[in-house]
Amino acid sequence: PAVSRHIKILKECGLVIVIPQGRERYVEARFDKLSEVSDWIEEYRQIWEARFNRLDDLLEQMKKEK
Numbered sequence: 004p005a006v007s008r009h010i011k012i013l014k015e016c017g018l019v020i021v022i023p024q025g026r027e028r029y030v031e032a033r034f035d036k037l038s039e040v041s042d043w044i045e046e047y048r049q050i051w052e053a054r055f056n057r058l059d060d061l062l063e064q065m066k067k068e069k
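Quick note: the numbering used here has the sequence shown finishing at residue 69, numbered continuously throughout.
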């Protein structure tokens, strides 16, 4: 049941497709969609990395002033 819920959510997001074959269902990843997600995450990773770098610089400056 838990796996089915996860697959349902991934399917709704377009990240997987379900291929029924007889009684079985095969789940296939949509790597083109995963690439879109990865690109979106990368934008935010760069923003946060820059913020943390500025914070590191500020903390180093504060240490030197003590």
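Glycine is no exception: its CB is placed at the ideal position from the N, C-alpha and C atoms.
Source: prediction; values computed, not measured.
Query                                                                                                                 : Result
Can you give me the start and stop residues for the beta strand (DSSP E) that Arg-48 sits inside?                     : No beta strand (DSSP E) contains Arg-48, which is instead part of the alpha helix (DSSP H) from 34-68.
Does Val-40 pass the burial test, meaning 16 or more other C-beta atoms within 10 Å, or should it be called exposed?  : exposed
Based on Cα-Cα distance, which residue from Glu-31, Gly-25, Arg-8 and Arg-26 lies nearest to Leu-18?                  : Glu-31
Where Ile-20 and Met-65 are concerned, what is the direct C-alpha to C-alpha distance, given to the nearest angstrom? : 53 Å
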